[in-house]
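These notes are about the structure you will find just below.
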Amino acid sequence: MARVLLVAEHDGHKVNPNLGSCIACAREFEPEGIDAAVFATAGESLADQAAAFANLDRVLLVENPANEGAVAAVIAPQVVELAAGYTHLLGPSGTFGRDLMPRVAALLGVGQLSDIMAVEGPYQFRRPIYAGNAIVTVLAPSDSILVGTVRTASYPTSPSAGGHASVEHARLNATLPQHTRYVERSAGSEDRPDLQTATRVVAGGRGLGSEAHFELINALADTLGAAVGASRAAVDAGFVANELQVGQTGKIIAPELYVAVGISGAIQHLTGIKDAGTIVAINRDADAPIFESADIGMVADLFEVVPELIELLKSA
Amino acid sequence: MRKLLVGLKRVVDYNVRIRLKPDGSGVATDGLKMSINPFDEIALEEALRLKEQGHAEEIVVVSIGSEDCQQQLRTGLAMGADRALLVRTEQALEPLVVARILLAIVEREQPELVLLGKQAIDQDHAQTGQMLAALWDRPQATFASKLEIQGSAARVTREIDAGLEILDIDLPAVVTTDLRLNEPRYVKLPEILKAKQKPLDVLDLSSLGIDSGQRFKVLKTEPPAQRSPGIRVENAAMLVQELKRRGVI
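Listed in order, the protein sequences are those of chains F and D.
To convert, count from 1 in the first sequence and add 7; that's this note's numbering.
To convert, count from 1 in the second sequence and add 208; that's this note's numbering.
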């Protein structure tokens, strides 16, 4: 029977809700047990938060001053030490999991499965390749531990309430490297919902033309209570910071409502939103590929229509 | 630093729309335009800039694959790499095997820094750099958007989901590149001609004694699910009405 260990992502204060997505993915192959590991400097509160997620059996808390910043080279040998007795090690497929899990897999001498989007059995999964232009069904070897990342946009996060996992302190002996040192992290604005988990997202593209004009996107997002996103073109042009990029090489998201403004819709961008509930596209170019993926399209000048839209939504 | 090693993967060009074989057995790549994986091109550009700033003496580019990979290696040489190495194989390789091959090359070449793309745009695994760093027991700085050499260490800014992160890593190390690290240069004709004279060594994978067997089996390759066709609205009022009708606002 399968026994799963999930690596919980956190920022030192809050456990990332993508833990719920990883639990949802693991439950699909009906394992005997699902545990989560929290690596932190001081993590009582984090462990309690993780334990509140439904359907977890145990939370293993590993406290060590070296865990500051969750450096992959430091966390990986600890995951390896905890891995004994598990058949599956899973992490979220954002930058945290993509950095960490391949290092864990290589230390264990096994391959790794990236971006699990569907489960067909304990060792059979589906994942996207070529920026989502193709989906492969992969059979992983069942005679060794399976290390993978979960494409969290493919799984609804299970509620972080109602769970009552036990919390256990794990004491590890792994020798941790000193060659990689965390310096600092600069986070973006926190006055808007988080792009990764928001139920509504308004995103802008090259069509905005400048950083100043991107304010229109911010205003529409604030009217809708939405997070702000951007296409790669808008990020490359310097309109907004990198963490707002949606797409193959940015964030893969699944909001209930996605409003794409001035985004032409390159396949690499569409990959990031294909699980969105309703996609709205506003673009001046009637032939923009974004319209092929949009549920509701409007061919219009964004500089005219977005202010109107804001007024209508405010008075609605 | 004396030497930089840069990995160049041959992939279907970024602008080509791929087709799937109708029997579900894979992607039809025959006859398609092939290029250096865009992230690897950024890795090479960064290496060239480090050399131009006096941080390195020699840049070695390595590719793993069929004889055709020589085209991408020649492009790398034309961009400014000093020497190229092809590890020749017709086999499809998993990232762990690629990492083992790169480790063998690293042990031979002893580079102070290995620069790789953060992912290849064909299989989208995003694993090789991290696996190489693990097998080599050296630091990894993935998704780099800024790289500064500071003596025997490097300070790397990484693009992460929450924003930007800074790591200090001791050298030797593995750095994988993100989009905004730099903009690769265009190759000029005289450099393409000059590149023909630069050394390109070919080595058979079998000579490295690495177990290159596939552990993961791809059962089928399918197109993604299509969204059902949408509707068009004429103005902002109709859009608001439609969003309300669907219950999303």
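Yeah, the Cβ is synthetic: ideal placement off N, Cα and C, and Gly gets one too.
Cα-Cα separation, F:Ala58 to F:Asn225: Going by C-alpha positions, F:Ala58 is about 35 Å away from F:Asn225.
Closest Cα partner of D:Glu373 within the set F:Ala177, F:Arg188 and F:Leu183: Closest by alpha carbon: F:Arg188.
Segments assigned alpha helix (DSSP H), at least 4 residues, entirely inside the stretch 404 to 440 of chain D: Unbroken alpha helix (DSSP H) runs of no fewer than 4 residues, entirely contained in the stretch 404 to 440 of chain D, are not found.
Cβ separation of D:Gly234 and D:Thr429, assumed to be a contact under 8 Å, to the nearest whole Å: About 5 Å separates the Cβ atoms of D:Gly234 and D:Thr429, confirming a contact at the 8 Å cut-off.
F:Val312 and F:Ile297 closer than 8 Å at C-beta: The Cβ atoms of F:Val312 and F:Ile297 do not sit closer than 8 Å to each other.
Same chain only: Cβ atoms within 8 Å of F:Asn7, ignoring 5 sequence neighbours per side: What is shown of chain F runs 8 to 323, which leaves residue 7 of chain F out entirely.
Closer than 8 Å to chain D by CB, F:Gln5: Nothing about residue 5 of chain F can be reported from this structure: the residues present for chain F run from 8 to 323 only.
The alpha helix (DSSP H) enclosing F:Val86, as first and last residue numbers: Unbroken alpha helix (DSSP H) run through F:Val86: Ala79 to Leu89.
Environment of F:Met8 [buried if 16+ CB atoms lie within 10 Å]: Looking at its Cβ environment, which holds fewer than 16 other Cβ atoms inside 10 Å, F:Met8 is exposed.
Interface residues of chain D facing F:Lys281 [CB-CB closer than 9 Å]: Within chain D, the residues near F:Lys281 are Pro432, Ala433 and Arg435.
Inter-residue Cα distance where the pair is F:Thr230 and F:Asp292: Our two residues, F:Thr230 and F:Asp292, have alpha carbons roughly 25 Å apart in a direct line.
is_contact[F:Ser238, chain D] using C-beta, thresh 8 Å: Chain D, which has no Cβ nearer than 8 Å to the Cβ of F:Ser238, makes this no.
Cβ neighbours of F:Thr285 in the same chain (closer than 6 Å, five flanking residues each side left out): The answer, listed in chain order, is Leu264 and Asp302.
Distance between F:Glu299 and D:Gln335 (C-alpha atoms, nearest Å): Straight-line Cα distance between these residues: approximately 32 Å.
Residue(s) in a DSSP beta bridge with D:Val383: D:Val383 has D:Leu323 and D:Ala349 as its beta-bridge partners, per DSSP.
DSSP bridge partner residues for F:Tyr265 (one or two, in chain order): F:Val208 and F:Ile286, per the DSSP bridge assignment.
Under 8 Å between C-beta atoms of F:Arg158 and F:Ile123: Taking 8 Å as the Cβ cut-off, F:Arg158 and F:Ile123 qualify as a contacting pair.
Chain-ordered residues of the stretch 438 to 451 of chain D with a beta carbon less than 9 Å from chain F: Flagged, chain order: Gly438, Ile439, Arg440, Val441, Glu442, Asn443, Ala444, Ala445, Met446, Leu447, Val448, Glu450 and Leu451.
Beta strand (DSSP E) segments (min. 3 residues) lying fully within the stretch 98 to 144 of chain F: You should have 119 to 123, 125 to 128 and 131 to 136.
D:Glu260: first and last residue of the uninterrupted alpha helix (DSSP H) it sits in: Note, D:Glu260: alpha helix (DSSP H), Pro246 to Glu260.
Under the three-state DSSP convention, the category F:Leu96 falls into: Looking at F:Leu96 - three-state DSSP - the assignment turns out to be strand.
Rounded C-alpha distance that separates D:Glu260 from D:Glu254: Going by C-alpha positions, D:Glu260 is about 10 Å away from D:Glu254.
Closer than 8 Å to chain F by CB, D:Met339: Closer than 8 Å to some Cβ of chain F, the Cβ of D:Met339 qualifies, so yes.
Three CB pairs or more closer than 8 Å across the stretch 229 to 248 of chain D and the stretch 324 to 342 of chain D: Yes, the stretch 229 to 248 of chain D is in contact with the stretch 324 to 342 of chain D.
D:Lys326 classed as buried or exposed, judged by whether at least 16 other C-beta atoms fall within 10 angstroms: The residue is buried, with at least 16 neighbouring Cβ atoms inside 10 Å.
Candidates F:Ala44, F:Val268, F:Ala141 and F:Ser121, of which the one nearest D:Pro230 by Cα: When each option's Cα is compared against that of D:Pro230, the closest is F:Ala141.
Inter-residue spacing [alpha-carbon to alpha-carbon] between F:Gly216 and D:Val383: When rounded, the distance between both Cα atoms is 33 Å.
Span of the alpha helix (DSSP H) around F:His276: Element bounds for F:His276: Ile274 to Leu277.
Any C-beta of chain D under 8 Å from that of F:Ala194: Taking Cβ atoms only, chain D reaches closer than 8 Å to F:Ala194, which makes this a yes.
Cβ neighbour criterion (16 or more within 10 Å) applied to D:Ile439: Around the C-beta of D:Ile439, fewer than 16 other C-beta atoms lie within 10 Å, and the residue is accordingly described as exposed.
Sequence-distant residues of its chain with Cβ nearer than 8 Å to F:Gly232 (five each side left out): Spatial neighbours of F:Gly232 in its own chain (CB-CB distance under 8 Å, excluding positions within 5 residues in sequence) are listed in chain order as Pro200 and Arg207.
Nearest-angstrom beta carbon gap, F:Ala54 and F:Val66 [assumed within contact, 8 Å]: Between F:Val66 and F:Ala54, the beta carbon gap of about 5 Å places them in contact (Cβ cut-off 8 Å).
Selection from F:Ser238, F:Ala307 and F:Gln203 that minimises the alpha carbon distance to F:Gly211: For the residues F:Ser238, F:Ala307 and F:Gln203, the minimum Cα distance to F:Gly211 belongs to F:Ser238.
Under 7 Å by beta carbon: chain F residues contacting D:Ile329: Chain F residues near D:Ile329: Ala138.
Short CB-CB distance (under 8 Å) between D:Arg316 and chain F: Output row for D:Arg316: interface = no.
Coarse secondary structure for D:Ile313, derived from DSSP in three states: Helix, per DSSP.
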